[in-house]
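Those letters in the sequence shown? Residues 269 to 375, by our numbering. Even glycine gets a Cβ: it sits at the ideal position worked out from N, Cα and C. Below is one structure, written out as C-alpha cells, with a few remarks after it.
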Amino acid sequence: SLLTILVRLFQLTFLLLPIWLHIGRESGRHGGLWSWITVDPAATSGNAADGSSCHNAHVFPLLLSIYALSTTLYTLGTIYLESLLYRKSGIGTPTQPELRYNTRPSV
C-alpha cells in the first residue's frame, strides 16, 4: 500500500510534471490552452495550399491534454484510495474485520 503511494508520487513528479510543463509552455507560445488545442496550425499557415504541411496537427495537443488530465486524476484517486486502505487495514485483525467498520449501536 505504501509502495503503491510512493510509485504514484514518482509518477506524478517525474513522468507527469514534464508533460504539464510542456503543455504550459506550448499553450503559452500559441496564445492559450484553448487555441493550442483547437486551432489547426496548417489551416492558419500560408503553406496549406501546397499540401506539404501537416493537417490535423491540433489532435496531438488535444490527446496529450486529455492523457495528462486523466492520468493525473487517476493517480490522485489512487493515492487517496491507497491511503484509505492503509488506514483501514491497520484496524483490527484478520480474524476481527468487523472492527474496521464504523458500527454504532442504534438508539
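Three-way DSSP call (helix, strand, coil) for residue i in this model
| i | result |
| --- | --- |
| THR361 | strand |
| TYR369 | coil |
Straight-line Cα distance separating residue j from residue i
| i | j | result |
| --- | --- | --- |
| TYR335 | GLU366 | 40 Å |
| TRP288 | THR272 | 22 Å |
| LEU341 | SER351 | 15 Å |
| ASN324 | GLY360 | 57 Å |
| GLY300 | THR363 | 57 Å |
| TRP304 | LYS356 | 44 Å |
Residue i versus the options, residue with shortest Cα-Cα distance
| i | options | result |
| --- | --- | --- |
| LEU280 | ILE347, GLY296, VAL327, GLY292 | ILE347 |
| PHE328 | THR306, LEU349, SER338 | THR306 |
| LEU337 | LEU274, GLY292, VAL275 | GLY292 |
Run through the stretch 270-338 for me and flag every whole beta strand (DSSP E) of 3 or more residues, listed as ranges in chain order.
As far as the stretch 270-338 is concerned, it has no whole beta strand (DSSP E) run of at least 3 residues.
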